[in-house]
Every structure is written in structure tokens, then in C-alpha cells.
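Participant: Residue numbers (my numbering): 4 to 442. C-beta: ideal position from N, C-alpha, C; glycine also. Keep in mind that this is a model prediction, so the values were computed, not measured. What follows is a structure written as C-alpha cells; I'll ask about it next.
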């Protein structure tokens, strides 16, 4: 019942936090099968919420034992059906407890329920899938073994690809991969449990890495991120639509392949273009032009922006405090980027309802409860409108950016446009050289 009550709340929170959630492959998943969802883990809390909200069957999660230290939170996790897992790196953990975890997880599958876990073992913000723990394979093969190969357990790799996991109103793509049948590995598992589990785990890693952005060499991540920010939209234009995967994912994978190719064959090119990309991206960030110059607005767009401005001001004034409050809690976590999005969502989810309640109560004491009720209803609605106005008017409207020192800004825009043209020309030349070799 608790899971049923929380489900729409989680979906709404994710809808507000992300500008766009692209879910692929969910409709192709097998029905009436025992499923284990395994996903990469670039963000601490957001990964779990996305997997819980969009995976069919509302799977039960395996969670690290350290989450259960607080008694109240431990009770909450147990009510949600989270199964504790002891890890070697957790202080005070006992690996022997994992036998209990295995029995509970196997029993869950036998009852026809689904499981979900993050086999990398911990959250990290890098553009790669770490070597996987063999827990998912061990659970699946144990159930197959105990049911004499008739369990029909499938492992579903799930790739989570964030445009920026630390940014509010960013984008995320969720790719459900092709099911991996576990029964064919039962014979190898019965011969040698460890090697059979590792063989299946290696296949899961291969499938999972294909569903997200995976950079083999961590030293190339900065170049990949900068190239994606500066040139990604150009690659995106040339990517044909495909129902099984998002264009954003495939564009990023094309960039990764090209960078890795030249890092091996022409490291001098990477050494030359990499720093230039870094400097250019920083300039775009300072000017608020991460995706290039803002698109010009039509007269109608400007007129509607002016007419709706009072509603935006009302929404902004009534929602500014809880909107900016999470930033105070983010600062201590700047060195752990996988925590930033989690902190923003957690603090915001608590701050907004509490703030609305306090303002409504104060309004009731001042104006009467009937007026306070109407006022309280306008608070979240005006906040959503302010968010809409900011994204569709302020961020696309170059007029407000030219109010402060317009001459100097035009000078910087002209200089950065010239620099961008030179950089893109060099990238195009490198791209043509790359395409001529792979075609």
C-alpha cells in the first residue's frame, strides 16, 4: 500500500525535476516472467526513483546495508521491501548476511515478483560502466538451479543516460535492453558456480555498456563532455530516428567512438582540440550560452512574454525561497557530483510542501481560511507557471540579456562566434577524416 501511495508522488517529482524523460524499450519486455533489472548507477537517489517509477511490475530493490543504520529510515525501507546487501567496503558489515539476502531475493523471484539492483556496487558520476558484481547472475542462476531450469528468469539491462545529473530541469534517457535468458548458463553454473556466474555477468556488462555512455579511458571523459556540449547538437542533426534508442544516446556514443579512435591513432589532435573545447565551453557557460546563442524571439513571442510577465513575477516571488534553498545544501557535495541531483530533489521535495503549508496557515490567520485555501492552491500552480515561463520566454529571450552592458556583451558574442566558427571548422575536418576511415 505504501508503494502504491508513493508511486504517483515520485512520478510527479521526477516530472518536475526533469525537463524530459525519454523511456525506450519498456513495451518490448516479456510479460509473466521473473525479471531482474540491472542498471548503471551515476546518481545516488535519482537512479532508484527512475527505475522504480518506470520499470514494469514495480520491482523490489536490493540496497546497501549502510542505508539501514537509521532505525526510522530502516523501517521505511523494510516497508518498501528493500533487501539489505552487505558489501566488503562497508564498515561493520558481515558478508555472511548475504546468504540471507540471497535466500530472500530468490524467494522473491519464486513468488513471481521482480528485482532491481545496481551491480556496479556504488554510485559514480563517470561516463563508464564499472566492472559489475556477480550478485544478479548468482541470484538468477540459483533460482534456475532450484527450479530445475524452469524458472524462466530474465536479466534486463537498463541504461540511464543523464544530460547533466546535477542540473535541475535536465534530461534523462532510460533504455530497457533486450532480455538476457539465464537458463542457457545453468549448465556452466552447475559445473562451476563462480565461472558460470562470471560468464553471465560479463554479458550483462557488455549489454549495459551499450545502453549508456561508456568511455573506456577515464582520461577522455572531459574531452567527451566538452565536445558533446559544444558540438553535440551538430551530431544530433545527422542521427536518424530509431524507436529502440534515443538520438541523444546514439549521438553521444558516436562522439565517444570518434574521441577514442583519435586518442589511439592521433593523440596530438586530441591534445590540441581538447583544451580549446574546454576554454570555449567555459566562455559559453559564463555567458549563459551552453547551446550557442539564444534563439531570436518573434514579435508575438515578445508580446506574450510581456503580457504574462506579471503572472511570472507572482509565481517567482511565491516560490523563490524553496527554489533556491537546495543550493545551500549542494555546496558541501560539489566534490561528489553523483550526490548533487539527489540533494536537490530531496531538499526540494521537502521544502516546497512545507513552505506552501506555512504560507497557507499564515494566510488563514490573516485573511480567513476560505481565502487562504484559494491562495494555497495558487502557490504550486504559480510555481509551475514560473518554471514554464522561464524555459519558454526568459531562456529564449535575448532582450533581457542585453540590458546590462549591451555593447560589451555584443562584443563578447561576436568574438565567441568567431572562435566557435574556427573550432567547428577544425572539428568538421577531423570528423570527415574519421568518417572516411570507417566507411
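Considering residue 230, what are the terminal residues of the beta strand (DSSP E) in which it resides?
Facilitator: That residue, residue 230, is in no beta strand (DSSP E); its alpha helix (DSSP H) goes 224–240.
Participant: Does the segment 75–84 come within contact of the segment 28–45, defined as at least 3 CB pairs closer than 8 Å?
Facilitator: Contact fails: fewer than three Cβ-Cβ distances are below 8 Å.
Participant: Buried or exposed for residue 109, going by 16 or more other Cβ atoms inside 10 Å?
Facilitator: buried
Participant: Pull up the distance between the alpha-carbon of residue 339 and that of residue 210, whole angstroms please.
Facilitator: 27 Å
Participant: For residue 247, which of helix, strand or coil comes out of DSSP?
Facilitator: coil
Participant: Measuring from the CB of residue 439, is there a heavy atom of the ligand SAH at a distance below 7 Å?
Facilitator: Looking for the ligand SAH in the displayed structure turns up nothing, as the structure carries no ligands at all.
Participant: Give the DSSP bridge partners of residue 157, in chain order.
Facilitator: 38, 184
Participant: Thinking C-beta only, is residue 389 closer than 8 Å to residue 332?
Facilitator: no
Participant: For residue 128 and residue 368, what's the separation of their Cα atoms in angstroms?
Facilitator: Between residue 128 and residue 368, the C-alpha separation is close to 47 Å.
Participant: Tell me the start and end of each unbroken alpha helix (DSSP H) in the segment 71–128 that is at least 4 residues and wholly inside, in chain order.
Facilitator: 74–83, 100–113
Participant: Nearest to residue 21 by CA position, among 188, 199, 172, is which residue?
Facilitator: 172
Participant: Nearest by alpha-carbon distance to residue 145: which of 161, 199, 170 is it?
Facilitator: 199
Participant: Quick one: is residue 195 buried, meaning 16 or more other Cβ sit within 10 Å of its Cβ, or exposed?
Facilitator: exposed
Participant: In the DSSP assignment, the alpha helix (DSSP H) including residue 316 goes from what residue to what residue?
Facilitator: 302–333
Participant: Closest to residue 134 by CA distance: which of 219, 432, 308, 394 is it?
Facilitator: 219
Participant: Suppose the cutoff is 6 Å on Cβ atoms and the five residues either side in sequence are ignored; what does the same chain contact list for residue 25 look like?
Facilitator: 176, 249
Participant: Is residue 414 buried or exposed, if buried means 16 or more other CB atoms sit within 10 Å of its CB?
Facilitator: Under a 10 Å Cβ-count criterion, residue 414 is classified as exposed, with fewer than 16 other Cβ atoms of the shown protein chains found around its own Cβ.
Participant: Between which two residues does the beta strand (DSSP E) containing residue 173 stretch?
Facilitator: 173–179
Participant: Checking 8 Å against the spacing of the C-beta atoms, do residue 58 and residue 119 come in under that value?
Facilitator: yes
Participant: By a C-beta neighbour count over all protein chains shown, 10 Å radius and 16 as the cutoff for buried, is residue 347 buried or exposed?
Facilitator: buried
Participant: Going by C-alpha to C-alpha distance, which of 34, 393, 169 sits closest to residue 336?
Facilitator: 169
Participant: Taking three-plus beta-carbon pairs below 8 Å as touching, is the segment 266–282 in contact with the segment 422–433?
Facilitator: yes
Participant: Where DSSP assigns a beta bridge to residue 24, which residues make up the other side?
Facilitator: 175
Participant: So, using beta-carbon positions, are residue 208 and residue 132 closer together than 8 Å?
Facilitator: yes
Participant: Between the Cα of residue 227 and the Cα atoms of 240, 257, 201, 203, which residue gives the shortest distance?
Facilitator: Taking only the C-alpha atoms, the option nearest residue 227 is 257.
Participant: For a test of the three-state rule: what should DSSP assign to residue 60, helix, strand or coil?
Facilitator: Reduced to three states, the DSSP call for residue 60 is coil.
Participant: Measuring CB to CB, does residue 105 end up less than 8 Å from residue 142?
Facilitator: yes
Participant: Am I right that residue 160 and residue 138 are in contact with their C-beta atoms under 8 Å? What's the rounded C-beta distance?
Facilitator: Their Cβ separation, rounded to whole angstroms, is 14 Å, which puts residue 160 and residue 138 out of contact at 8 Å.
Participant: Going by beta carbon distance, what residues of the same chain come within less than 6 Å of residue 281, once the five residues before and after it are set aside?
Facilitator: 229
Participant: Mapping DSSP to helix, strand and coil, what is residue 3?
Facilitator: Because the chain in this structure spans residues 4 to 442, residue 3 falls outside the shown range and cannot be described.
Participant: Go ahead and pull the three-state DSSP assignment for residue 19.
Facilitator: helix
Participant: Is DSSP giving residue 351 helix, strand or coil here?
Facilitator: helix
Participant: Return yes when the Cβ of residue 385 is within less than 8 Å of the Cβ of residue 435, no when it is not.
Facilitator: no
Participant: Using CA coordinates, which residue listed in 309, 241, 121, 156 is at the minimum distance from residue 183?
Facilitator: 156
Participant: Just to confirm my understanding: we take residue 403, look at its own chain, exclude 5 residues before and 5 after, and list those with CB closer than 8 Å. What are they?
Facilitator: The predicted model places residue 403 with a pLDDT of 46, which falls under 50 and marks its position as unreliable; any figure quoted below should be read in that light. Excluding five sequence positions before and after residue 403, the CB atoms of its chain that fall closer than 8 Å to its own CB belong to 397, given in chain order.
Participant: Just the C-alpha distance for residue 11 and residue 56, rounded to the nearest angstrom, thanks.
Facilitator: 8 Å
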